Amino acid sequence: MILILKTIVQIVRRRRGSQLVEEGLLLGISLIALMIVVSMVSGLLTTIQTAVASTQDSFDKFLTQVFRDDFNKIWEFIFGQKVQG
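Following this line, the structure appears as structure tokens:
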């Protein structure tokens, strides 16, 4: 790693290929920044997906309970006995 850095410094000092090295470094930095942004977006989308799935599951449980209670009340009213379950 140190050898690579020394080589880059020597190339920059000699001004031969310094523009190419500069563009290469900028390209590397921009790729790293892009990967960071992509990973952040991926994490955000995963969090949103988890929240939606949990909300849907909670809503399904709520509706099941409400409909079960309403069905039991209607059944009791019509037949006078409670449904098991």
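At the far end of the sequence shown sits residue 167, using the numbering used here, and the numbering has no gaps. Here a beta-carbon is modelled for each residue, glycine too, at the ideal position from N, C-alpha and C. No experiment lies behind these values; they were computed from the predicted model shown.
Contained beta strand (DSSP E) runs [length at least 3] in the region 83-126, N- to C-terminal order: none
C-alpha gap between residue 119 and residue 110, whole angstroms: Numbered from its first residue, the sequence shown carries residue 119 at position 37. Numbered from its first residue, the sequence shown carries residue 110 at position 28. Taking the straight line from one Cα to the other gives about 14 Å.
Residues in the same chain with beta-carbon distance under 8 Å from residue 88, minus the five sequence neighbours each way, listed in chain order, please. As a first step, residue 88 must be located in the sequence shown, where it is residue number 6. For residue 88, where only same-chain residues beyond five positions count, there are no Cβ hits under 8 Å.
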